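Enquirer: Before I ask anything, let me first share the structure, which is written out below as structure tokens.
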Amino acid sequence: MLGDKGYDSNPNRDELRKRRILPVISRKGAPNIKGMGKLRYVVEQTFALLHQFKRLAVRWERRTELHDAFVSLACSLICWRRLNKPDS
1 MLGDKGYDSN PNRDELRKRR ILPVISRKGA PNIKGMGKLR YVVEQTFALL
51 HQFKRLAVRW ERRTELHDAF VSLACSLICW RRLNKPDS
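Using the UniProt record's numbering, the letters of the sequence shown map in sequence onto residues 1 to 88.
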């Protein structure tokens with residue numbers, strides 16, 4: 001998991017390791033991890049695309065299954081729009 005310095009804590013790292021997830025988190029006071037900015041851009045861009053859908057920007061659903069279904073639908077629509085976009 002990629003995380004910025006806001007997630008730098010031993011409890012966070014321990015929980016990720018317990019779930020067998022490799023934490024890649026910058027330490028506070030240390031220089032930034034090289035290349036993380038490019039990966040971070042992809043994540044932030046994805047959130048921006050998903051938040052175009054009001055139902056995802058403000059979570060109305062209490063049930064996780066419904067929210068997951070709407071995320072899947074939004075991802076499908078985003079991909080479909082990109083694939084059907086006329087070439088410039």
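Think of the CB as a built atom: it goes at the ideal place given N, C-alpha and C, for glycine as much as any other residue.
Values in this document were obtained by computation on a predicted structure and should not be read as measured data.
1) Within the same chain, show all residues whose beta-carbon is closer than 6 Å to that of Val71, passing over the 5 residues directly before and after it, in chain order.
2) Could you tell me which residues DSSP pairs with Ile25 in its beta bridges?
3) Which of helix, strand or coil does DSSP assign to His67?
4) Where does Phe53 sit, in a helix, a strand or coil, going by DSSP?
5) Contact between the region 28–39 and the region 47–58: three or more CB pairs below 8 Å?
Expert: Walking through what the data contain:
1) Counting from 1 along the sequence shown, the entry for residue 71 is found at position 71. Beyond the five residues adjoining it in sequence on each side, Val71 comes within less than 6 Å, by CB distance, of no other residue in the same chain.
2) As a first step, residue 25 is located in the sequence shown; it is residue number 25 there, counting from the start. Within the DSSP bridge table, the entry for Ile25 names Gly3 as partners.
3) Within the sequence shown, the letter at position 67 stands for residue 67. If DSSP states are grouped into helix, strand and coil, His67 belongs with the helices.
4) Working through the sequence shown from its first residue, we reach residue 53 at position 53. Phe53 carries a coil assignment under DSSP once its states are collapsed to helix, strand and coil.
5) No: the two stretches stay apart, fewer than three of their Cβ pairs being nearer than 8 Å.
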